[in-house]
Amino acid sequence: MIPELESFKMPILSLVTLTPALGALLLTLIDRNNKALIRQIALMVSFLGLLFSLIMVGNFDATVGTMQMEENLPWIESLGISYHLGVDGFSVLLILLTSFSMPFVFLSTWKAVDSRVKEFHIALLLLQTGMIGAFVALDLILFYLFYEAMLVPMYLIIGIWGGKDRVYAALKFFIYTMVGSLFMFLAILYLYNHAGTFDLPLLLERLRTTNPLDGTQQFWLFLAFALSFAIKVPLFPLHTWLPDAHVQAPTAGSVVLAGVLLKMGTYGLLRFAIPLFPEAAMDLREEFCWLAVTGIIFGACMALVQTDIKKLIAYSSVSHLGFVVLACFMNDVESLTGAILQMVNHGLSTGMLFLMIGIIYERRHTRELADYGGLAGVVPVYSVFFIIAVLSSIGLPGLNGFVGEFLILFGAFRADAVWGILAASGVVLGALYMLKMTKMFLFGPLVHDANRNVQDLQTREILYLSPFVIMMVWLGLYPSTFTKLVQPTLSLYVQMLQN
Amino acid sequence: MDSNLLWIPLFPFLGFLLNGILGKRLGNRAVSVIASVAPLLAFMVSFGAWRKIIDPASSGALHWDGFPWIWLDGILEIPFALHFDGLSAVMCLVITGVGSLIHLYSIGYMKGDPGYHRYFAYLNLFTTFMLLLVLGDNLLLLFIGWEGVGLCSYLLIGFWFQEDENCAAGKKAFIVNRVGDLAFLLGMFLCLIYFGTLEMSALTNADNIAQVSMETTGFMADPETGTGGMAVITAIAILLFIGATGKSAQIPLYVWLPDAMAGPTPVSALIHAATMVTSGVYLCCRLMPLFEAAPMALSIVAVVGACTALLAALIAFTQNDIKKVLAYSTVSQLGYMFFAIGVGAFSAAFFHVVTHAFFKALLFLGSGAVIHAMHHEQDMRKMGGLRKQLPFTHLTFLIGTFAIAGVPPLAGFFSKDEILFAGYKAGIMDGNSLATMFWYVSVATAGMTAFYMMRCVAMTFWGNSNVDAKLEGKVHEPGGWIGFALFVLAIASALGGFLNVPEFLGGHAILGHFTGLHVSHANMTPEELDILHAGEWTSMFISLAIAGAGLLVGYLFYRNGSGLPAAFRSSAPGAFLGKLSENKFYVDELYAFLIVRPFEAISQLMHTLIDQVLIDRLLVGGSALLVRGFGELTRRMQTGFIPGYLLTFGCGALVLIYILLNQLAKGGAQ
Amino acid sequence: MEPLTLSKAEILAVLPAGALFVTGLIQLLSDLGDPNKTSRQEKTHLAMIGATGALVALASLFVQGTAASTGELYAGAMTDDLFGRLGAGVIIVTSLFCTLMAGGYLSSSGNNRAEFHALVSFSAGAMVLLCQSTNLVSMFVAIETLSLAVYVLAGFFRQQKAASEGAFKYFVMGAFSSGFLLLGMAIIYGLSGASLSFSAIAAAGASDDALFAVGALLVLIGFAFKVGVVPFHSWVPDVYQGAPTLAVGWMAVAVKASSFFALCRFLYHTGGGAYMDQILIALSIVTMILGNLAALNQQSLKRMLAYSGIAHSGYLMIPLIVALSGNDILIGASLPFYLCAYAGTTLAAFGVLTALSKATDKDQLGDLNGLAKSRPLLALGFTVALISLAGIPLTAGFIGKLMIFSDAIGAGFVQLAVIGILTSLVSVYYYLRPIVAMWFRDPRSSFDLIPAPWGVQFTVGACGIATIVFGIFPDWLVELSRISVETILG
Amino acid sequence: MFSLPALLYLSALLFSIGIYGVLARRNILVVLMSLELMLNAVNIALVGFGRVHALSTTSGEHGGQIFTLMVLAVAAAEAAIGLSLLLLIWRRWKTIDLRELCRLSG
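Chains as they are written, first to last, in numbering that gives the first Met the number 0: chain A, 0 to 498; chain B, 0 to 669; chain C, 0 to 489; chain D, 0 to 105.
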């Protein structure tokens with residue numbers, strides 16, 4: 000069934016990572032007016048990426064928690080930078096999520112983007128490489144490279160194909176992200192000078208044995224890393240770029256942003272910030288947990304008063320990712336599993352919500368809640384999908400959102416009941432704003448005549464939404480397919496932190 | 000290990016899928032068949048399973064190990080497993096039985112609705128979740144069902160989504176339930192922490208409970224001293240109970256249920272009367288040992304239950320919407336059940352769940368028949384005298400009314416009597432003043448129940464017709480499935496009480512024994528038993544008297560031509576109380592004033608002040624502005640004036656030389 | 000007295016500069032007759048032949064071996080080592096590119112004198128010598144020669160008021176700074192006891208003297224002026240704005256590169272005297288901050304790039320500080336690399352501006368609006384250049400920043416790295432503005448290119464690609480930089 | 000009489016006068032002269048140093064003098080350029096006031 004890697008000697012991680020970039024290269028050769036061909040090629044490349052990541056997951060050994068399928072080649076030897084890739088429980092699902100959502104993102108743009116199609120697809124493909132690369136990179140500089148490499152295409156996507164205030168939003172996105180990442184860059188260089196390597200496993204080893212950091216160093220370095228990731232998450236109060244970016248970004252941009260890009264922050268916390276500086280992380284745990292909890296509630300409150308659907312969902316992301324950050328600082332397998340699941344879940348549910356908003360935006364060209372209402376009668380199929388996405392987002396048991404939230408809240412509650420209670424109240428608030436939006440959006444009387452003739456979902460749209468629903472149910476009812484992959488790594492990680 | 004159990008929830012689920020996905024193409028007839036057959040099949044499977052467990056040779060329960068659900072090897076293992084014992088058997092039979100009837104009823108009731116297939120899909124989905132709720136072998140699986148039924152309730156309340164109110168009611172139901180679910184979730188966390196599992200058998204295991212009760216550090220204790228806080232077991236019980244108050248519409252979370260009447264009437268019957276709202280009671284019964292280990296929690300349960308019963312009954316007095324009356328009556332009856340639980344009579348509470356399912360479903364379906372006949376008129380003031388046009392409906396409705404009022408030997412008599420006796424025993428016989436007080440409350444409520452139900456019957460069926468002239472002549476008895484369902488439920492309401500005839504009346508408390516909730520009297524001495532029976536007799540007479548009184552007063556007040564209600568309302572206290580009751584004691588307004596509106600206002604304020612002004616404008620925009628301001632400043636320094644440039648150069652050089660010489664003078668050459 | 004003999008090494012060493020000077024002379028001669036007799040192409044071709052010849056001559060230096068220094072040539076006036084060759088390489092290649100672009104640019108401005116080529120050649124020759132010079136006299140002469148040529152270049156468009164203003168500002172301030180430079184050299188010479196060459200100065204132990212520090216400081220001021228270090232930077236924006244775009248490109252790259260190479264050699268050899276590192280730190284901090292801040296609100300692209308250049312001088316001082324601080328000296332290798340990266344990106348940037356400027360007026364930010372729609376490749380080239388200047392990964396600029404900040408941290412100058420990072424952050428804003436204009440805005444004007452734009456396009460393309468390639472595979476250049484720095488340290 | 004300190008004082012004095020002239024005068028011509036003065040002031044010092052070194056060493060070192068010659072050449076070239084720029088300014092601006100050349104700024 001699944002090709003055995005051993006027999007093929009495939010550098011599978013490189014394939015997963017670089018296939019989109021090669022696709023982008025291929026696209027440069029194609030006539031810009033041949034839009035159909037460009038779209039098809041991009042789609043095929045992304046499916047190829049999905050195929051490779053499925054092969055990767057198929058070959059993933061769920062019994063060991065260490066790095067797998069490692070590729071370690073010298074790259075810039077003179078600067079000690081290596082091309083070191085690897086996958087473990089932290090990244091495997093996120094890679095899968097990325098590869099999974101991209102084909103559907105491409106499908107969703109077939110109608111939505113009609114200007115500069117070629118550049119758009121090149122940007123998206125490069126973005127995909129950046130995202131996956133960041134998930135597999137085990138060399139700090141390599142990671143930083145991919146981390147930043149995501150920035151430019153995303154910046155262009157918002158800035159070129161975005162809405163009315165796209166320039167402001169794009170700039171805000173870029174500068175905000177740069178603020179964090181430059182400090183992280185500095186911290187990376189510091190680590191290199193301290194321990195003499197950019198290689199993550201080696202670094203972890205040396206920091207624990209030969210080159211320990213003292214308290215002050217840990218503190219500042221952790222802050223630098225955490226700042227970068229907190230902005231990316233985004234953690235309250237560093238979140239104000241997100242609503243603007245989401246609102247202005249085109250659908251595909253929003254989907255990628257919410258679906259994958261934000262996870263870079265929490266992934267970074269788990270992969271780098273906390274394991275590299277465990278003591279500082281423990282010292283600052285309270286503060287970060289409080290920020291996360293504040294973010295959960297604050298984001299929900301903000302979502303409640305939004306009138307723009309995309310903005311609402313953007314704030315809901317702030318709230319949802321607050322859960323993940325909270326979990327990142329709980330050193331137990333349950334919470335961490337919850338964190339990873341929640342990342343995937345949020346990617347699925349919010350990604351799907353943005354896709355659906357995009358669909359309706361194509362037809363009605365407005366995102367104001369007040370312009371809708373009563374759509375359920377006009378577009379029943381659309382409504383069903385939308386409600387499923389909403390339910391997934393508010394964590395209905397049986398769908399994906401619940402599993403992650405349950406594990407996270409449990410962990411948080413066990414660590415400190417107050418955190419657990421406050422965070423859990425975010426679940427209630429989540430239902431509040433989501434249902435409020437659903438009500439204003441789909442239900443009620445059909446007051447606007449413009450909504451009377453809105454077209455229901457087409458086959459193509461059903462086609463790219465259905466996989467999301469399937470994944471939601473799968474993750475909701477049989478999450479052990481996925482938790483199995485994650486658990487050994489997390490157990491090792493927790494052990495490592497406890498020592 | 001019996002994987003057939005899975006079929007119980009699976010049949011309705013398949014019905015849901017078929018109707019939901021293909022419903023529009025299948026046509027209404029096929030939809031009806033699929034939708035009704037699904038719960039019937041589930042009923043049959045449940046019945047088969049029931050037959051298996053009553054076999055004395057069996058262990059008394061069936062179990063399906065299922066598959067791993069939230070499963071972290073060795074850390075947190077929550078399977079998707081089903082458990083079928085007496086308690087769930089009864090619930091399954093009630094759900095699928097009453098459920099099937101209501102499905103059938105709906106075929107007639109929903110005829111011609113554009114959302115026909117959607118309706119049945121939802122209904123099937125509801126059945127699925129409800130069954131999952133009662134079959135779940137662990138709290139978390141129960142929680143799937145728990146929230147799932149909430150979802151279906153939301154969808155069905157807002158079924159006619161074109162009306163804003165309906166959607167608002169659905170939303171309210173979901174949110175209020177979520178508040179309860181939050182507590183439920185926290186309760187589960189505590190269970191997980193202290194019991195290490197959510198499996199029902201472990202949570203009800205006496206050893207485990209004893210161990211957790213020994214826990215010295217309380218819940219929410221001061222982290223430094225480890226003192227303060229609440230006993231863990233009590234905290235668990237209270238939290239789970241708060242969860243139950245949401246689902247089962249108890250103070251303070253009952254407000255959603257009356258609004259939920261916005262949904263189609265069969266839905267009110269199935270979800271908001273017979274099944275879903277009793278799941279809180281089911282939960283408590285399921286975890287009986289745990290609750291019993293937390294007496295403080297139990298007293299809270301009792302107080303909340305009794306107060307809810309009273310409050311809802313008071314409100315029911317003045318409601319004019321026939322469904323609202325029934326809704327408050329449901330809240331009140333649920334309050335009864337919790338009162339029973341609070342005084343330790345789990346068996347009585349559960350018994351009341353079952354009988355209530357029968358007669359309340361009957362009442363709702365009866366009211367539905369009326370509403371259907373009246374072309375969706377729900378105001379009782381515009382009814383009256385319907386006895387002539389709807390004789391059959393009238394008869395069944397009357398049976399339901401007597402059953403709920405506690406007229407022997409109808410179903411409600413036995414269950415309510417048992418509850419009242421439990422209160423009597425806990426209060427008067429055991430000399431507990433608190434329990435005594437709330438026993439009085441419950442007795443009063445029993446009379447009030449009889450009263451307002453009588454009012455309802457009188458206003459709807461008796462007296463002069465106030466029916467709109469346009470409708471006159473068009474009102475006629477619904478036949479077909481509607482009639483059939485009424486018929487079956489009327490019989491069940493009449494005879495349901497015999498399921499659990501108490502021992503002093505010569506019965507064997509079959510239901511109590513079967514569900515394992517019955518408190519055995521076997522270890523009592525004959526003298527004690529005599530006292531007990533004497534108490535039971537006393538209590539029964541009291542309850543009979545109060546029910547009779549209620550019915551009688553009700554009749555006197557609302558019989559044709561009585562001026563009593565008007566006279567009462569014209570007196571000062573009457574006017575005051577009437578207004579209070581009519582306006583539901585202003586609880587909704589209070590919530591809106593205290594919670595909802597402040598919350599929204601604060602959110603809006605935070606959005607403007609903190610998010611937009613403080614963070615975005617001041618901090619983010621401000622620092623950008625600051626940097627750009629410095630940029631402008633430095634830009635202005637470039638004047639374009641050559642002497643200025645030269646001066647800068649010269650001064651720069653001089654300053655550097657000066658500093659260098661200074662340093663050299665201080666430290667010498669390095 | 001010894002007979003005047005020249006060794007083979009000595010002859011080879013002056014060949015690159017010689018080729019350039021000869022080319023310049025021939026160009027001048029060609030102008031002596033009828034200026035219109037020799038066509039534009041011929042002049043360009045001649046200049047290119049000259050530059051190529053210099054490149055060949057440079058290559059021939061490697062006959063003597065790649066790494067090792069040949070020791071002092073011409074009685075210690077100059078040397079031939081990898082460091083110098085690297086500097087010379089940067090300069091010659093830059094001059095080649097400038098020549099490539101010059102033809103079309105000059106004819107579009109209606110000026111077809113070979114003088115331009117001659118001046119570029121002369122200054123290039125002087126710069127090559129500057130990179131190779133190892134004593135005070137040769138350094139002074141080289142620096143003055145190149146300055147004089149560049150003054151004239153700055154005012155090349157004589158008919159323009161702005162050009163004359165810029166050139167004059169440059170000249171006055173340049174001469175002023177030369178005074179300081181010369182004074183410093185005189186002091187050092189006076190202290191060192193009869194020696195002019197760096198090694199002899201170092202050997203004489205003069206750098207221990209307190210006064211030596213003053214002399215070194217004055218020399219530093221002279222160089223600081225050339226590379227635009229605050230507070231000696233005032234000329235930079237005005238001159239950049241007034242001067243012909245192409246000349247600005249040449250100045251921005253070559254003057255800065257050669258000055259830094261020479262300063263580096265001077266400081267590495269003589270040790271810089273007491274407190275030199277602290278002075279450098281102060282200057283570096285002020286320069287990074289002021290340069291970046293002042294660039295923020297510029298509407299003129301040339302001014303923006305001028306301030307950005309000032310800021311980069313601030314970054315470039317960090318390796319010098321690191322080297323002088325006495326820590327592991329090899330890590331100062333980031334300087335040549337950063338200069339190379341800076342050269343490539345700056346050339347690409349000015350290449351785009353050159354292509355778009357019919358004369359110098361089109362340098363407003365708004366003039367770029369919508370460039371990506373009509374000229375996507377030029378826009379892409381400019382974008383790459385800006386991204387590299389901002390230090391975003393996958394560009395040579397990123398690797399350069401990485402090396403510099405890493406060195407700073409490694410030598411314990413975390414504060415410098417922090418300030419560097421903070422100011423880079425500020426710089427991101429103004430580097431993004433042209434990108435916004437090019438990609439996000441709708442075209443406001445048509446984009447007529449200068450005649451024969453292939454030269455510009457080739458330059459932009461080549462520099463853009465080089466920027467990316469050295470951003471991904473910088474190994475070779477990093478090694479080269481490292482070895483070259485090792486050679487001057489002996 | 001040769002006295003190095005005296006020469007150096009002279010040199011410093013002339014250099015300072017040069018600086019003052021550059022900074023304080025507004026006439027471009029005077030500024031140019033002051034610039035020349037600065038260079039030549041240093042020349043005096045160089046000659047002085049050169050003489051001292053030539054006397055103190057036996058190798059016949061004449062670096063200072065050579066340097067001075069070079070500086071003279073450079074100064075001459077500089078003066079040429081300066082004057083031609085002066086002419087240019089006069090043609091374009093009709094002024095030789097330093098302060099009026101301030102169109103480029105910011």
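All C-beta atoms, glycine included, are put in the ideal place defined by N, C-alpha and C.
Since the structure is predicted, the reported quantities are computational estimates derived from the model, not experimental observations.
Indicate whether at least one CB of chain C lies closer than 9 Å to the CB of E164(B).
Not closer than 9 Å to any Cβ of chain C, the Cβ of E164(B) fails to qualify, so no.
Does the separation of the CB atoms of I7(B) and A360(B) fall below 9 Å?
no
Mapping the DSSP letters down to three states, classify V323(A) as helix, strand or coil.
helix
Just to check my reading of the structure: G373(A) and Q611(B) have Cβ atoms closer than 8 Å, yes? What is that Cβ distance to the nearest angstrom?
With 8 Å as the limit, G373(A) and Q611(B) do not qualify as a contact, their Cβ atoms being about 31 Å apart.
Let me know the secondary structure DSSP gives L470(B) once reduced to three states.
coil
Figure out for me which residue from T67(D), V21(D), F48(D) and G17(D) has the closest Cα to the Cα of L97(D).
That would be V21(D), whose Cα lies nearest to the Cα of L97(D).
Alpha carbon of L352(C) to alpha carbon of G241(C), nearest angstrom:
L352(C) and G241(C): Cα-Cα distance of roughly 14 Å.
Which of helix, strand or coil does DSSP assign to N3(B)?
helix
Please report the residue range of the alpha helix (DSSP H) in which Q247(A) lies.
W240 to Q247
For K310(A), which residues of its own chain have a beta-carbon under 6 Å away from its beta-carbon, when the five flanking residues on both sides are left out?
Closer than 6 Å at Cβ, skipping near neighbours: P242 and V246.
Assigned exposure category for D30(C) - 16 Cβ within 10 Å defines buried
buried
Starting from S81(A) and walking both ways along the beta strand (DSSP E), at which residues does that stretch end?
Per DSSP, S81(A) belongs to the beta strand (DSSP E) from I80 to V86.
Three-state secondary structure assigned by DSSP to D416(B)
helix
What does K435(A) reach in chain B if we use C-beta pairs closer than 8 Å?
K170
When you compare the CB of M301(A) with every CB in chain B, is at least one pair closer than 9 Å?
Any Cβ of chain B closer than 9 Å to the Cβ of M301(A) would place that residue at the interface, and such an atom is present.
From the DSSP output, in three-state form, read off M138(C) for me.
helix
In terms of residue numbering, what span does the beta strand (DSSP E) encompassing A80(B) cover?
L75 to F83
Would A272(A) pass as an interface residue toward chain B - the criterion being a Cβ-Cβ separation below 9 Å?
No, its Cβ sits nowhere closer than 9 Å to a Cβ of chain B.
Rounded to whole angstroms, what is the Cα-Cα separation between A449(A) and L441(A)?
Cα to Cα, the separation comes out at about 14 Å.
Residues of the region 615 to 642 of chain B with a CB closer than 7 Å to any CB of chain C: list them in chain order, please.
V626, R627, F629, G630, E631, T633, R634, Q637, G639 and I641
I'd like to check one pair, A58(C) with A18(C): are the Cβ atoms closer than 9 Å?
no
Check whether the Cβ of V29(D) lies closer than 9 Å to any Cβ atom in chain C.
No, because no Cβ of chain C sits closer than 9 Å to the Cβ of V29(D).
So what's N26(D) in DSSP terms, helix, strand or just coil?
strand
So, does the CB of K42(C) fall closer than 9 Å to a CB anywhere in chain B?
Answer no: the Cβ-Cβ gap between K42(C) and chain B never drops below 9 Å.
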